[in-house]
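Numbered per the working numbering, the sequence shown spans residues 91 to 425.
Where a beta carbon is used, it is the ideal one built from N, C-alpha and C, also for glycine.
Being a predicted model, the structure only gives us computed values, none of them experimental.
This report refers to the structure that appears directly beneath it.
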Amino acid sequence: YEALGRGACGVLVNVLSHRIPKTVEEEALLRDKILIGVTDTLAALQGLSRSHRRRWALPIAAVTGSNGKTTTKEMAAGILSERYVTLKNEGNINNQIGVPLTLLRLTSGHQAAVLEMGISRPGELRRLCEIALPQVGLITNIGPAHLETLGSLDAVAAAKAELLEALSPSEGVAILNRDDSFFPTLRSRAPGRVVTFGLNPEADILIEDLHENGSQVVMNLNCRSSVYGIARPREKSRRAAGRGEAGLTSGQAAVESPSRDDRARVQIHLPAIGRHNALNAAAAAAVGWVLGCGLEDVRRGLESFRPVAMRSELIPWGDRTILNDAYNANPASVL
91 YEALGRGACG VLVNVLSHRI PKTVEEEALL RDKILIGVTD TLAALQGLSR SHRRRWALPI
151 AAVTGSNGKT TTKEMAAGIL SERYVTLKNE GNINNQIGVP LTLLRLTSGH QAAVLEMGIS
211 RPGELRRLCE IALPQVGLIT NIGPAHLETL GSLDAVAAAK AELLEALSPS EGVAILNRDD
271 SFFPTLRSRA PGRVVTFGLN PEADILIEDL HENGSQVVMN LNCRSSVYGI ARPREKSRRA
331 AGRGEAGLTS GQAAVESPSR DDRARVQIHL PAIGRHNALN AAAAAAVGWV LGCGLEDVRR
391 GLESFRPVAM RSELIPWGDR TILNDAYNAN PASVL
């Protein structure tokens with residue numbers, strides 16, 4: 091009754107545990123609202139979301155991992171929004187309810203989406219992928235999170251790898267942390283193309299010349315040209331009109347053109363602190379790069395990033411600065 095009064099267009103009701111009051115039926119009829127009786131509200135919500143997602147052919151990038159999911163999702167959405175009309179989760183509503191609710195916000199105006207996916211048990215990520223059908227799957231890292239339900243780091247890696255296994259062998263792109271100790275394991279679970287990021291010289295999106303400058307991380311991102319646009323959306327936004335194939339514009343002093351070593355470089359002044367955020371930024375850049383965002387899109391998207399509340403958030407306090415990173419933690423994220 092309260093949901094209808096606050097503007098909901100309809101309500102799913104578990105008829106096994108709730109009898110729909112006559113007053114609610116009358117209210118729904120009066121307001122021209124929909125009441126749907128189901129035996130499992132979560133399954134019904136997920137089914138509606140799954141059906142709605144299939145109405146649109148846009149590419150979806152899914153982001154999971156033990157640390158950095160929300161920050162990386164926000165960075166990736168910032169990059170993608172420079173070129174495409176992009177849907178993303180609000181905050182970190184990333185679970186079996188939050189992801190379906192986000193997908194139900196898809197409209198014909200969206201051209202890409204980036205979805206954070208969180209789990210605590212085996213099988214949950216597989217189910218989210220069945221609903222969302224991601225074309226790009228990013229795993230930020232593997233660490234000691236949710237060990238109370240997963241039991242071991244190997245089990246964490248196996249649960250996160252469900253995202254990779256859901257990707258299409260012919261069209262899917264897995265994005266993996268080349269520096270992570272579980273990289274070989276995760277790579278073996280990816281059925282198609284694999285793009286890497288990190289400080290390892292073999293990474294496709296390579297972090298170079300990394301240093302901190304006050305409240306900024308300054309680095310060069312060295313991007314392998316051969317993986318540019320391999321998962322590009324079919325339709326480009328109006329913002330992309332007039333740009334070159336790599337999304338470059340004139341007057342880019344901080345951007346270097348692709349060179350003979352099949353690399354393109356861009357300098358980033360990231361308004362965040364810590365090596366971990368450099369890795370998050372490189373991961374986000376990989377999402378944008380494979381989806382057809384150019385170097386200038388990457389630079390603008392990352393340099394306009396603002397930390398999410400309570401995640402590496404710097405708060406001025408007189409002549410001091412408070413670091414608020416209190417939202418959530420596991421041993422790896424603290425260290």
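Buried or exposed: which applies to residue i, given that a residue is buried once 16 or more other Cβ atoms fall within 10 Å of its Cβ?
i: W379; result: buried
i: P291; result: exposed
i: K112; result: exposed
i: L205; result: buried
i: C99; result: exposed
i: T161; result: buried
i: T230; result: buried
i: T55; result: The chain is shown from 91 up to 425; residue 55 falls before or after that span and cannot be answered.
i: L228; result: buried
i: V189; result: buried
i: G168; result: buried
i: L253; result: buried
i: N414; result: exposed
i: R463; result: What the structure shows of the chain is the stretch from 91 to 425, and residue 463 is not part of that stretch, so it cannot be assessed.
i: R410; result: exposed
i: S509; result: Residue 509 lies beyond the stretch modelled for the chain, which goes from 91 to 425, so this question has no answer here.
i: I297; result: buried
i: R489; result: It is not possible to answer for residue 489, since the shown part of the chain is limited to 91 through 425.
i: G97; result: exposed
i: L119; result: exposed
i: L215; result: buried
i: G158; result: buried
i: L106; result: exposed
Under 8 Å Cβ to Cβ from residue i, same chain only, skipping five residues before and after it: list those, please.
i: G337; result: Residue placement at G337 is poorly supported in this model, since its pLDDT is 34, which falls under 50; the coordinates still yield a value, given next. The residues are R173, A330, G382, C383, G384, L385, E386, D387.
i: S258; result: Q225, P281, G282
i: S171; result: G391
i: E117; result: Y91, L94, G95, K123
i: E115; result: L125
i: H108; result: none
i: I187; result: L132, L135
i: G181; result: T160, V398
Tell me which same chain residues have a C-beta within less than 6 Å of the C-beta of residue i, skipping the five on either side of it?
i: L208; result: Note that residue 208 is Gly in the sequence shown, not Leu. Taken in chain order, the residues that qualify are N184, N185.
i: A247; result: I232, F272, T275
i: A376; result: I265, V285, F287, I295
i: L300; result: M309, A368
i: H236; result: S210
i: A343; result: In this predicted model, A343 has a pLDDT of only 36, less than 50, meaning its place in the structure is not dependable; the value taken from the coordinates is given anyway. Result list for A343: empty, nothing under 6 Å.
i: K250; result: T154, I229
Among the candidates the options, whose CA atom is the shortest distance from the CA of residue i?
i: H366; options: I405, M309, R390, I412; result: M309
i: A166; options: T131, H236, L392, A134; result: L392
i: L311; options: G364, L254, L369; result: L369
i: R353; options: V317, N303, L193; result: V317
i: S394; options: I405, L254, R279, H359; result: H359
i: R145; options: R96, E261, L300, L193; result: L193
i: I363; options: A375, T197, S305; result: S305
i: D244; options: Q201, V175, N157, P212; result: P212
i: D269; options: S278, E261, G288; result: G288
i: S198; options: R279, P149, A293, R217; result: P149
i: A222; options: P234, L240, A249, A202; result: A202
i: S139; options: R195, K163, A152, T176; result: R195
i: T239; options: S210, V105, P406; result: S210
i: V175; options: E261, A152, W407, H200; result: H200
i: A373; options: A151, H142, G97, G137; result: A151
i: E220; options: L237, E302, W407, E255; result: E255
i: R217; options: L119, G137, N303, P234; result: G137
Starting from the C-beta of residue i, find all residues in its chain whose C-beta is less than 7 Å away, skip the five residues before and the five after it, and write them out in chain order.
i: L102; result: I126, V128, T131, A134, L135
i: I320; result: V263, R283, V380
i: A371; result: M165, I358, L360, L392
i: A293; result: R268, T286, F287
i: R322; result: L381, G382
i: I412; result: I405
So is the beta-carbon of residue i under 7 Å away from any non-hydrogen atom of the ligand GDP?
i: D130; result: No copy of the ligand GDP occurs in the structure displayed, which carries no ligand at all.
Report yes or no: is there a C-beta of chain B within less than 8 Å of the C-beta of residue i?
i: V308; result: The structure shown contains no chain B; it holds only a single protein chain.
message = Quick check: the region 398-405 against the region 283-298, are at least 3 beta-carbon pairs closer than 8 Å?
response = no
inquiry  = Quick check on the DSSP output: what are the complete alpha helix (DSSP H) runs of length 4 or more inside the region 107-142, in order along the chain?
reply    = 112-120
query = Which whole runs of the beta strand (DSSP E) in the region 150-237 are 3 residues long or more, in chain order?
reply = 150-154, 176-178, 202-206, 226-229
message = What ranges does the alpha helix (DSSP H) occupy inside the region 235-303, keeping only unbroken runs of at least 4 residues that lie completely in it?
response = 237-240, 243-250, 252-255, 273-279
inquiry  = So within the region 379-421, which uninterrupted beta strand (DSSP E) runs reach at least 3 residues, ignoring any that extend past its ends?
reply    = 403-407, 410-414
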